[in-house]
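Counting with mature numbering (1 follows the signal peptide of the UniProt record, and there is no 0), you get residues -26 to -1, 1 to 414 for the letters of the sequence shown.
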Amino acid sequence: MFRGILEIKKFFKFATAAALSVGLLAACGGQDDAAPAPAEGESEQIGNENAEVELVFWEFGNTGYDALIEQYVADNPHVSINLQNSDMNDLHDNLFTSISAGSGAPDIAMVETGSIERFKGARDAFVNLYDHGANDVEGNFLDWVWRDGESAEGDFMFGLPTDIGPTVMFYRTDVFEEAGFDSTPEAVSELVSTWDDFERVATEINEATGALMADSFELIYNARRDQATQQYFNADNELIVDEHDQIKDGYNYTARLLDQGLVGNIPLWTPEWFSGMGDGSYATMLAPAWMQGVIKDNEPNEGVWSITTMPEGAGNWGGSYLTVPAETEHAEEAYKFIEWLTAPEQQLQAFLGYGLFPSAPAVYEMPDFEGFTDEYFGGIATAQVFGEAAQAVQQVFKGRNFYPVDDEFKEALDNISAGSDPEAEWEAALERINRILERQ
């Protein structure tokens, strides 16, 4: 989702907006009492305050759902929605606390895609959306997105998908041109169609211009990791990085670019990283659809950045699901609302209004989507580029301990950037990871 920094704190520990108060979970009486509200943050009652049914909806980020909710309650006046917006991590933590306590959960909770596995172990704390007709809308969504919201057995649906974050290659046309390359999206896509091409072009750009291929090794590693058909865990949550070579290959590839001085180690979401978008010190950024707004905010000149496909496919970074905690007294009404909110027609509105990239492929064929262009990125049909990337993503199991493991490999790569031996750092990361998993 294009939500800015707020939504991606989970990835990079970047503190942002104020949190939901844990104290709200202590309210007695469940849904019969006044709707809980964040101690800090935003809460908005939408619809008739005397409506027969009030749904409490926890969300994070800049979704623009308030405008869509206005439409829904106008057509369904018996429903009002208490929309509460907070920090993503704190929403997840408060949701976990509330379902563990058996009180304080909302009727609808947004869960970020990388955190959905955390809640699958608490199956009894959620409504199985298959019991309310989710089978009927499965065909609305990309298959890999749908599978990520399902139980491993395929008999329980935890949430309906909202947006996604298909990844592409953003690149600076001026840097490619200074290095003597054709900077059109078609030409750049062909130029770097493989990861070997990417490394070769990185060397040529660095020799010709002094620019790095990317300013952060994390984005290189993320891209290779997200294209892997097997990552850190199998469906039984067993660590499998020694049983296949995809993660190790991505790690070694990133380490090699660091060793050659072709990528940097500028921490993401720092002032230095933001300023780099506008100074031409690096050529590419491998990132998801929602990064468009971040780039625009930090490089005001149009036509400098463009977009094309990543080498060897695409990955996904971001997105969310709408879940219905079992504590609700209005499961049927909650399901009807989230089914409506995630339907292709509403996903198109969310895309056009707030840049939330649709998980419903029917949107990709709608005229307003197909014809969507962006002058900032040279007038190209950006929506189509991301749509093609979304359809190239393959479903992969992440596991509930994805983030702790990912952090350890990132720490290893950070140490390599300071001169450490890649193999020694790999082994050290595995030792730390095994200690972490033993404590789970």
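The beta-carbon is built from N, C-alpha and C at its ideal position, and this holds for glycine as well.
Query raised in the report: From this set, Phe331, Val359, Lys270, which residue's C-alpha is nearest Gly139's C-alpha?
Result: Selected option, being the one with the closest Cα: Phe331.
Query raised in the report: Any idea what DSSP makes of Met340, helix, strand or coil?
Result: Here DSSP, grouped into helix, strand and coil, assigns Met340 to coil.
Query raised in the report: Distance, Cα to Cα, Asn275 vs Thr168?
Result: Pairing Asn275 with Thr168, the inter-Cα distance amounts to about 30 Å.
**Report entry** Buried versus exposed call for Gln58 [16 or more other C-beta atoms within 10 Å across all chains shown]
**Finding:** Under a 10 Å Cβ-count criterion, Gln58 is classified as buried, with 16 or more other Cβ atoms of the shown protein chains found around its own Cβ.
Query raised in the report: Taking the alpha-carbon positions, what's the Asn208 to Val370 distance?
Result: Roughly 9 Å separates the two Cα atoms.
Query raised in the report: Helix or strand or just coil, what does DSSP make of Ala261?
Result: Here DSSP, grouped into helix, strand and coil, assigns Ala261 to strand.
Query raised in the report: Would Phe34 pass as a contact of Leu65 if the rule is Cβ separation under 8 Å?
Result: Remark: C-beta atoms of Phe34 and Leu65 approach each other more closely than 8 Å.
Query raised in the report: Does the beta-carbon of Asp233 have 16 or more other beta-carbons within 10 angstroms, so that it is buried, or is it exposed?
Result: That one is exposed.
Query raised in the report: Measuring CB to CB, does Leu29 end up less than 8 Å from Asp81?
Result: Yes.
Report task. Tell me, please, whether the stretch 210 to 217 touches the stretch 281 to 289 by the rule of three or more beta-carbon pairs shorter than 8 Å. Result -> The stretch 210 to 217, when compared against the stretch 281 to 289, does not touch it at the 8 Å Cβ threshold.
Query raised in the report: Does the stretch 125 to 134 come close enough to the stretch 240 to 257 that 3 or more CB-CB pairs lie under 8 Å?
Result: Short answer: they don't touch.
Query raised in the report: Does DSSP classify Ala75 as helix, strand or coil?
Result: Ala75: helix per DSSP, three-state reduction.
Query raised in the report: At what residue ranges does the stretch 112 to 148 contain a whole run of the alpha helix (DSSP H), taking only runs of 4 or more?
Result: Counting whole runs of 4 or more residues, the stretch 112 to 148 contains the alpha helix (DSSP H) stretches 117 to 122.
Query raised in the report: Going along the chain, which unbroken runs of the beta strand (DSSP E) with 3 or more residues stay wholly within the stretch 77 to 109?
Result: If we require 3 residues or more, the beta strand (DSSP E) runs fully inside the stretch 77 to 109 come out as 82 to 86.
Requested in this report: Would you identify the three-state DSSP class for Met187, choosing helix, strand or coil?
Outcome: Of the three classes helix, strand and coil, the one that applies to Met187 here is coil, per DSSP.
Report task. Note down, in chain order, each residue of its chain lying with its Cβ closer than 7 Å to the Cβ of Lys94, except the 5 sequence neighbours on either side. Result -> Around Lys94: Ser125, Phe132.
**Report entry** Phe311 - containing alpha helix (DSSP H), residue span
**Finding:** Note, Phe311: alpha helix (DSSP H), 305 to 315.
Query raised in the report: Can the beta-carbon of Gly224 be found less than 8 Å from the beta-carbon of Tyr195?
Result: Yes, the Cβ-Cβ distance between Gly224 and Tyr195 is below 8 Å.
Query - Residues bridged to Thr302 (per DSSP) - result: When beta bridges are read from the DSSP output, Thr302 appears opposite no residue.
Query raised in the report: In or out: Glu313 buried (at least 16 other Cβ within 10 Å) or exposed?
Result: Glu313 is buried by the Cβ-count criterion.
Query raised in the report: Nearest to Arg174 by alpha carbon, out of Asp219, Glu399, Arg230, Gln266?
Result: Selected option, being the one with the closest Cα: Arg230.
Query raised in the report: Under a three-way DSSP split, which group does Gln266 fall into?
Result: Helix.
Query raised in the report: Gly352 to Glu319, Cα distance in whole Å?
Result: Cα atoms of Gly352 and Glu319: separation of roughly 27 Å, rounded to the nearest angstrom.
Query raised in the report: What does a CB cutoff of less than 7 Å around Glu349 pick up in its chain, not counting 5 residues either side in sequence?
Result: Within the same chain, Glu349 has close Cβ partners Glu276.
Requested in this report: Indicate the three-state DSSP secondary structure (helix, strand or coil) for Leu165 in the structure shown.
Outcome: Here DSSP, grouped into helix, strand and coil, assigns Leu165 to helix.
Query raised in the report: Counting along the chain, where does the beta strand (DSSP E) carrying Ile55 start and finish?
Result: 53 to 60 is the extent of the beta strand (DSSP E) around Ile55.
Report task. Figure out for me which residue from Gly345, Leu387, Ala305 has the closest Cα to the Cα of Leu322. Result -> For Leu322, the closest C-alpha among the options Gly345, Leu387, Ala305 is that of Gly345.
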